[in-house]
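Below: the structure, in structure tokens.
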């Protein structure tokens, strides 16, 4: 099963490299943490998948979190409504000095969700959408949450110029282990370097109700392999004690049907 997940990006490239036609622009929710306010076109099936690695050292304890494959599948129902499915295969390791103390891996909980268009961009009014997910009590034993959880965010986007765009999110999420929420914000500035290459810088943070803020900064780029296949790479740093020391990510996204 894990091998099947890891082959998803390459399968998508092979499918999309055959018989391209004129289609709506490919807009993804990765690699940054700021979700797009754009929806998948009606009838379109979009797949976004990637690998992520993060490392943290604190009080002699070293933690490593690896997402071998995070999978987001989106389907455009109509011009105002998008269905979403999220899952992944993840691993966590911890050690003190060079002595391992724990190592687990498995499937993360599945999430079912929607994205709803709220407004088009007009003057100073941004393009806006709402995203919500229900995180089910599924996944491998070590990652199965105790309760059904949820997350939501409002997404906004402004066109600054032909080359620059500003996007931001506001929302909250629950981890399924406690009833406490973690509020969040994201802020990303994007630059279209060429018709194939995009660059972004981003600041974002999580604010748990009963813990210290987790502040982070990241940057990265996207490259359009074809009009319907995108490769991305990004990396960032933690800016507070609750955040990981650093993190890296890369992935492939593609769209079928439309």
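Numbering (our numbering), first residue to last: 6 to 263.
Note that CB positions come from ideal geometry on N, CA and C, so glycine has one too.
- Between the segment 111-128 and the segment 185-205 there are fewer than three inter-stretch CB-CB distances shorter than 8 Å, so the stretches are not counted as touching.
- Here the C-alpha atom of residue 251 lies approximately 11 Å from the C-alpha atom of residue 70.
- Excluding sequence positions up to five before and after residue 240, its CB lies within less than 8 Å of the CB of 223, 224, 225, 251, 252, 253 and 254, all in the same chain and listed in chain order.
- Scanning its chain for C-beta atoms nearer than 6 Å, with the 5 sequence neighbours on each side dropped, one finds around residue 41 the residues 32 and 34, in chain order.
- Pairing residue 141 with residue 119 gives a Cβ-Cβ distance that is not under 8 Å.
- Within the same chain, Cβ atoms closer than 6 Å to the Cβ of residue 50 are found at 80, 261 and 262, the five residues on either side in sequence being excluded.
- The segment 55-122 is shown to contain whole beta strand (DSSP E) runs of 3 or more residues at 66-83, 86-101 and 104-112, in chain order.
- The beta carbon of residue 46 sits closer than 6 Å to those of 29, 81 and 263, all from its chain and outside the five residues before and after it, given in chain order.
- DSSP places residue 148 within a helical segment (H, G or I) once states are collapsed to three.
- If you look at residue 33, you'll find it isn't in any beta strand (DSSP E); DSSP assigns it neither H nor E.
- The C-beta of residue 75 has 16 or more other C-beta atoms within 10 Å across all chains shown, which makes the residue buried.
- Short of 7 Å from the beta carbon of residue 38, and not among the five residues preceding or following it, lie these beta carbons of its own chain, in chain order: 191, 207 and 209.
- Secondary structure note for residue 202: its beta strand (DSSP E) is the uninterrupted segment 202-213.
- Looking at the backbone, the Cα of residue 147 and that of residue 165 are separated by about 44 Å.
- Relative to the Cα of residue 138, the nearest Cα in the group 244, 43 and 114 belongs to 114.
- Of 133, 103, 111 and 72, the smallest CA-CA separation from residue 171 is found for 133.
- Proximity to residue 181 across 104, 188 and 152 peaks at 152, based on C-alpha coordinates.
- Distance from the CA atom of residue 144 to the CA atom of residue 98, rounded to whole angstroms, is 18 Å.
- Residue 53 carries a strand assignment under DSSP once its states are collapsed to helix, strand and coil.
- DSSP places residue 198 outside both helix and strand once states are collapsed to three, so it counts as coil.
- At the C-beta level, residue 213 and residue 187 come within 8 Å of one another.
- Straight across, the Cα-Cα distance linking residue 231 with residue 218 is about 39 Å.
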